[in-house]
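Just add 3 to wherever you are in the sequence shown, counting from 1, and you've got the working numbering.
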Amino acid sequence: MTPQTPQWPGEQDDAEAAARAADELRALRAGSHGQEIVLGNEFAEIRVSRVETRNGSRLLIEAPKSGQWVALCPLELEALTWQNAATFSAMIGTPFGPLLGHDEEDA
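Have a look at this one:
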(Lines of atoms letter the chains of each structure in order from A and count residues from 1; the text may use other names and numbers.)
(Lines give C-alpha, C1' and ligand atoms only; values in the text may rest on other atoms or scores of the structure.)
Protein backbone atom coordinates (compact mmCIF):
# COMPACT_ATOMS: atom_id res chain seq x y z
CA MET A 1 0.00 0.00 0.00
CA THR A 2 1.46 3.37 -1.08
CA PRO A 3 1.09 6.20 1.46
CA GLN A 4 -0.78 9.23 0.12
CA THR A 5 0.69 12.68 0.27
CA PRO A 6 -1.61 15.06 2.14
CA GLN A 7 -3.22 17.74 -0.02
CA TRP A 8 -4.85 21.01 0.96
CA PRO A 9 -8.24 22.11 -0.35
CA GLY A 10 -7.76 23.89 -3.65
CA GLU A 11 -4.26 22.50 -4.22
CA GLN A 12 -5.11 21.32 -7.74
CA ASP A 13 -6.70 24.69 -8.57
CA ASP A 14 -3.56 26.48 -7.31
CA ALA A 15 -1.31 24.25 -9.41
CA GLU A 16 -3.39 24.87 -12.53
CA ALA A 17 -3.41 28.65 -11.94
CA ALA A 18 0.37 28.62 -11.46
CA ALA A 19 0.84 26.68 -14.70
CA ARG A 20 -1.38 29.17 -16.60
CA ALA A 21 0.56 32.12 -15.14
CA ALA A 22 3.90 30.51 -16.08
CA ASP A 23 2.66 29.96 -19.65
CA GLU A 24 1.47 33.58 -19.86
CA LEU A 25 4.81 34.88 -18.58
CA ARG A 26 6.73 32.74 -21.10
CA ALA A 27 4.57 34.12 -23.92
CA LEU A 28 5.13 37.70 -22.73
CA ARG A 29 8.90 37.21 -22.50
CA ALA A 30 8.89 35.77 -26.03
CA GLY A 31 7.56 39.14 -27.25
CA SER A 32 10.30 41.12 -25.52
CA HIS A 33 11.84 44.08 -27.38
CA GLY A 34 14.95 46.01 -26.44
CA GLN A 35 17.16 45.62 -23.46
CA GLU A 36 15.87 44.67 -20.03
CA ILE A 37 16.33 47.21 -17.22
CA VAL A 38 17.14 46.08 -13.68
CA LEU A 39 16.53 48.42 -10.74
CA GLY A 40 17.21 47.62 -7.13
CA ASN A 41 18.03 48.84 -3.67
CA GLU A 42 18.31 47.27 -0.22
CA PHE A 43 14.56 46.54 -0.17
CA ALA A 44 13.71 45.24 -3.63
CA GLU A 45 14.88 44.43 -7.13
CA ILE A 46 12.78 44.53 -10.28
CA ARG A 47 13.29 43.76 -13.96
CA VAL A 48 11.46 45.85 -16.54
CA SER A 49 11.09 45.08 -20.22
CA ARG A 50 8.89 46.13 -23.12
CA VAL A 51 6.85 43.31 -24.60
CA GLU A 52 4.58 43.18 -27.62
CA THR A 53 1.23 41.42 -27.28
CA ARG A 54 -1.68 40.97 -29.66
CA ASN A 55 -3.18 44.02 -27.91
CA GLY A 56 -0.12 46.24 -28.29
CA SER A 57 2.91 47.14 -26.19
CA ARG A 58 3.04 46.41 -22.46
CA LEU A 59 5.61 47.05 -19.78
CA LEU A 60 6.48 43.76 -18.09
CA ILE A 61 7.59 44.32 -14.49
CA GLU A 62 9.01 41.31 -12.65
CA ALA A 63 10.13 40.90 -9.03
CA PRO A 64 12.60 37.99 -9.18
CA LYS A 65 12.78 37.49 -5.41
CA SER A 66 9.03 36.94 -5.01
CA GLY A 67 8.27 35.63 -8.49
CA GLN A 68 5.51 38.23 -8.87
CA TRP A 69 4.99 40.03 -12.19
CA VAL A 70 2.57 42.31 -13.98
CA ALA A 71 2.21 43.51 -17.58
CA LEU A 72 0.80 47.04 -17.76
CA CYS A 73 -0.67 48.81 -20.78
CA PRO A 74 0.04 52.51 -21.45
CA LEU A 75 -3.21 53.62 -19.77
CA GLU A 76 -2.43 51.62 -16.61
CA LEU A 77 1.04 53.14 -16.55
CA GLU A 78 -0.38 56.63 -16.99
CA ALA A 79 -2.77 55.94 -14.11
CA LEU A 80 0.30 55.53 -11.88
CA THR A 81 1.12 59.19 -12.53
CA TRP A 82 -2.31 60.19 -11.19
CA GLN A 83 -1.51 58.74 -7.75
CA ASN A 84 0.04 60.38 -4.71
CA ALA A 85 2.49 59.01 -2.16
CA ALA A 86 -0.35 57.79 0.08
CA THR A 87 -1.53 55.36 -2.60
CA PHE A 88 1.90 53.79 -2.91
CA SER A 89 2.28 53.67 0.88
CA ALA A 90 -1.03 51.80 1.08
CA MET A 91 0.15 49.35 -1.58
CA ILE A 92 3.40 48.69 0.27
CA GLY A 93 1.49 48.36 3.56
CA THR A 94 -0.52 45.40 2.23
CA PRO A 95 1.91 43.44 0.02
CA PHE A 96 0.49 40.71 -2.21
CA GLY A 97 -3.04 41.88 -1.44
CA PRO A 98 -5.54 43.97 -3.36
CA LEU A 99 -5.62 47.66 -2.49
CA LEU A 100 -9.43 47.88 -2.55
CA GLY A 101 -10.16 44.80 -0.46
CA HIS A 102 -11.19 42.59 -3.35
CA ASP A 103 -9.51 40.94 -6.29
CA GLU A 104 -10.66 41.57 -9.88
CA GLU A 105 -11.24 37.81 -10.23
CA ASP A 106 -13.77 38.07 -7.39
CA ALA A 107 -15.63 40.97 -9.03
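The beta carbon of each residue, even a glycine, is placed where N, CA and C say it ideally should be.
Keep in mind the model is a prediction, meaning the values are calculated, not measured.
If you draw a straight line from the Cα of residue 14 to the Cα of residue 24, it comes to about 15 Å.
Around the C-beta of residue 65, 16 or more other C-beta atoms lie within 10 Å, and the residue is accordingly described as buried.
Here the alpha carbon of residue 59 sits roughly 11 Å from the alpha carbon of residue 74. For residue 88, the uninterrupted alpha helix (DSSP H) segment begins and ends at 88 to 96.
Excluding residues up to 5 positions away in sequence, 49 lie with their Cβ nearer than 6 Å to the Cβ of residue 42 in the same chain.
Separation of residue 103 and residue 6 (C-alpha to C-alpha, rounded to the nearest whole angstrom) is 43 Å. In this structure residue 78 is exposed. Its beta-carbon is surrounded by fewer than 16 other beta-carbon atoms within 10 angstroms. Annotation note: the region 55 to 92 contains the following uninterrupted alpha helix (DSSP H) runs of length 4 or greater, listed N- to C-terminal: 77 to 84. At a Cβ-Cβ threshold of 8 Å, residue 54 and residue 34 count as neighbours. By the Cβ-count criterion, residue 29 is exposed, with fewer than 16 other Cβ atoms from all chains shown falling within 10 Å of its own Cβ. DSSP places residue 10 outside any alpha helix (DSSP H), giving it a letter other than H or E.
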